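Everything in the sequence shown is counted per the numbering used here, starting at 217 for the first residue and increasing by one.
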Amino acid sequence: VQLQASGGGLVQAGGSLRLSCVASSGAGFNIYAMGWYRQAPGKSRELVGTITTEERINYADSVKGRFTISRDNAKNTIYLQMNSVKPEDTAVYYCNAFTQRGTYWGKGTQVTVSS
């Protein structure tokens, strides 16, 4: 499974940004869920949210009400709509995919929120 995240950049506090993650997998892979994680400088990687194939969505408390995860199954893509961003949202954002063969990670995309 290969994952490609994009859409990061510099945004002012209070602004919005949308990240995308495209998944490509070979035959025999069943992707059960995909997720967004982030890692700020000097901190551990943390969950932002996940979405299952049945579109059950889970969010970290720190982003509830501000971030929205969605998916386009036809494009094998998930999105992270980030609204009302804060400087503490600054991090490298990663997407991952949970399959019956394990969890796969993509390269991250940098999000920087200026105050």
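Don't be surprised by glycine CBs; every beta carbon is placed ideally from N, CA and C.
Everything numeric in this text was worked out from a predicted model, so none of it was measured.
Item: Starting from Gly319, trace the beta strand (DSSP E) both ways and give me its first and last residue.; Value: In the sequence on display, residue 319 carries Thr and not Gly. Residues 318-321.
Item: Between the Cα of Leu263 and those of Thr269, Leu219, Val329, Lys280, spot the shortest distance and give me the residue it belongs to.; Value: Lys280
Item: According to DSSP, simplified to helix, strand and coil, what is Asp277?; Value: coil
Item: Using CA coordinates, which residue listed in Asp305, Tyr253, Ser260, Arg272 is at the minimum distance from Cys221?; Value: The sequence given here places Ala at residue 221; Cys does not occur at that position. It is Tyr253 whose Cα lies nearest to the Cα of Ala221.
Item: When you compare the CB positions of Thr325 and Leu235, do they come within less than 9 Å of one another, or not?; Value: yes
Item: Exposed or buried, what is Asn312 when buried is set at 16 or more other beta-carbons lying within 10 Å of its beta-carbon?; Value: buried
Item: Return helix, strand or coil for Glu304, following the three-state DSSP convention.; Value: helix
Item: Is it buried or exposed, Asp277, if we count other Cβ atoms within 10 angstroms and call 16 or more buried?; Value: exposed
Item: Out of Gln255, Tyr295, Ser260, Lys259, state which residue places its alpha-carbon closest to the alpha-carbon of Glu271.; Value: Tyr295
Item: For the ligand NAD, is there a heavy atom less than 8 Å away from the beta-carbon of Met250?; Value: This structure simply doesn't include the ligand NAD, nor any ligand for that matter.
Item: Roughly how many angstroms separate the alpha carbons of Val169 and Val217, rounded to a whole number?; Value: Beyond the ends of the chain as shown, which are 217 and 331, falls residue 169; an answer cannot be given.
Item: Roughly how many angstroms separate the alpha carbons of Gly251 and Thr268, rounded to a whole number?; Value: 9 Å
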